[in-house]
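To start, the structure itself, in structure tokens.
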Amino acid sequence: MLLSSVCGTFAVAACRKGGMSMPKTSQKEQAGPDSVQAVVIAMRILEKLAFDGRFGRVTELAAEIGTSKNRIHRHLKTLMDLGYVSQEADTQRYMVGVRLVQIGNTVVNQYDFLSVSRPIMQRLRDAIGFSVVLSKVENGRLFAIEQFQGRGDITFLITVGSPLRLHNSAQGKIVLAFGDPALLERTVSETLTPRTASTIVDADTLRRQVEEARGRGWAIAPNEIMSGINAAAVPIFDHEGRLFGTLAIVASIDDLPGAPDGEHLRLLKNAAAEISGSLTSRSSQQKEGRP
Numbered sequence: 022m023l024l025s026s027v028c029g030t031f032a033v034a035a036c037r038k039g040g041m042s043m044p045k046t047s048q049k050e051q052a053g054p055d056s057v058q059a060v061v062i063a064m065r066i067l068e069k070l071a072f073d074g075r076f077g078r079v080t081e082l083a084a085e086i087g088t089s090k091n092r093i094h095r096h097l098k099t100l101m102d103l104g105y106v107s108q109e110a111d112t113q114r115y116m117v118g119v120r121l122v123q124i125g126n127t128v129v130n131q132y133d134f135l136s137v138s139r140p141i142m143q144r145l146r147d148a149i150g151f152s153v154v155l156s157k158v159e160n161g162r163l164f165a166i167e168q169f170q171g172r173g174d175i176t177f178l179i180t181v182g183s184p185l186r187l188h189n190s191a192q193g194k195i196v197l198a199f200g201d202p203a204l205l206e207r208t209v210s211e212t213l214t215p216r217t218a219s220t221i222v223d224a225d226t227l228r229r230q231v232e233e234a235r236g237r238g239w240a241i242a243p244n245e246i247m248s249g250i251n252a253a254a255v256p257i258f259d260h261e262g263r264l265f266g267t268l269a270i271v272a273s274i275d276d277l278p279g280a281p282d283g284e285h286l287r288l289l290k291n292a293a294a295e296i297s298g299s300l301t302s303r304s305s306q307q308k309e310g311r312p
């Protein structure tokens with residue numbers, strides 16, 4: 022049996038409600054070949070500035086890309102407004118902006134996170150038999166980014182990239198326990214929407230469970246996000262000891278009725294510690310200039 026969306030809401034909802042706002046476009050820009058061509062030109066400008074390793078002028082970019090200087094200038098202005106391109110005041114040459122650097126660093130970190138985590142997740146799944154879910158913290162929000170399905174008759178399918186609610190998931194309680202302290206107060210100040218009859222909707226109860234999770238290093242959420250399902254989650258830390266993500270095992274309430282047994286908990290904690298250690302090692306290598 023396959024149960025879907027066990028760990029969060031649909032990714033589409035997250036895109037509609039959150040994320041960076043983009044400038045409004047006219048109806049003409051929203052449809053037709055002109056809008057596609059505009060995207061192609063913008064991407065080629067960014068590629069030229071990034072891969073050539075030198076600053077660019079409007080005339081040079083127009084000649085290399087094969088379009089007019091006016092069109093290049095318009096695209097550069099938009100890219101500058103968004104932070105993807107910057108301009109030297111004295112030479113008037115253009116270069117890659119800080120926003121593009123931030124995106125590049127985020128992508129590299131995410132690929133490192135996944136490449137480090139996947140073999141560890143698979144070993145954990147093979148040892149326990151439950152589904153294993155990896156999530157990443159981004160700006161106070163939590164997103165499921167990878168899953169290894171369990172070996173049992175009932176398996177669980179998540180939507181990669183879907184956000185997890187902080188008050189009704191084991192992973193979310195870990196974020197409230199080990200993440201930014203302001204998150205807990207912000208969460209309890211909002212309406213704690215119930216997903217099931219067991220979802221925590223009382224602020225004091227949530228605070229107590231978060232405190233318990235902080236003290237013991239793990240959290241559970243039996244029947245809270247979906248009836249018949251439980252999860253146990255632990256934190257993953259980066260090289261500076263900050264919360265980076267969570268690792269969780271997910272199973273039916275019959276297989277995981279409450280707290281995980283001692284052996285399952287030991288394996289889960291060891292897997293999370295191994296991922297944290299690998300992130301620390303990767304960071305040290307990067308600082309030393311080693312691949």
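Here the sequence shown is numbered in the working numbering, starting from 22 and rising by one per residue. A virtual CB, placed ideally from N, CA and C, is assigned to each residue, including glycine.
Bounds of the beta strand (DSSP E) holding residue 116 are 115–117. Using a 10 angstroms sphere on the CB of residue 164, the tally of other CB atoms reaches 16 or more, which defines it as buried. Counting C-beta atoms within 10 angstroms of its own C-beta, residue 186 has 16 or more neighbours from the protein chains shown and is therefore classed as buried. About 5 Å separates the beta carbon of residue 77 from that of residue 115, a gap short enough to meet the 8 Å contact definition.
Between residue 219 and the set 111, 254, 285, 249, the nearest pair of CA atoms involves 249.
Between residue 269 and residue 196, the C-beta gap is not smaller than 8 Å, which leaves the two residues out of contact. Inter-residue distance for residue 225 and residue 157 is about 26 Å (C-alpha atoms, whole angstroms). Residue 94 is classed as exposed because its beta carbon has fewer than 16 other beta carbons within 10 Å across all chains shown.
Note: residue 273 is bridge-paired with 250 in the DSSP secondary-structure output.
Apart from the 5 residues on each side of it in sequence, residue 106 sits with its Cβ closer than 8 Å to the Cβ of 66, 67, 70, 97, 100, 115, 116, 117, 118, 121 in its chain, given in chain order. In the DSSP assignment, residue 162 is bridged to 159. The beta-bridge partner set that DSSP reports for residue 240 consists of 254.
With fewer than 16 other Cβ atoms from the protein chains shown falling within 10 Å of its own Cβ, residue 123 counts as exposed. Residue 237 counts as exposed, since fewer than 16 other C-beta atoms from the protein chains shown sit within 10 angstroms of its C-beta. Per DSSP, residue 181 lies in no alpha helix (DSSP H) and is assigned neither H nor E. Separation of residue 284 and residue 125 (C-alpha to C-alpha, rounded to the nearest whole angstrom) is 39 Å. The Cβ neighbour count for residue 146, taken over all protein chains shown within 10 Å, is at least 16; the residue is labelled buried. Between residue 257 and residue 293, the C-beta gap is smaller than 8 Å, which places the two residues in contact. Shortest Cα-Cα distance from residue 262 to any of 230, 271, 200 involves 200. Annotated three-state conformation of residue 151 is coil, per DSSP.
DSSP places residue 210 in the uninterrupted alpha helix (DSSP H) bounded by 202–210. Per DSSP, the beta bridge partners of residue 169 are 153. Distance between residue 264 and residue 136, taken at the CA atoms: about 18 Å. Following the DSSP letters along the chain, one finds residue 106 inside the beta strand (DSSP E) bounded by residues 106–108. Spatial neighbours of residue 290 in its own chain (CB-CB distance under 6 Å, excluding positions within 5 residues in sequence) are listed in chain order as 255.
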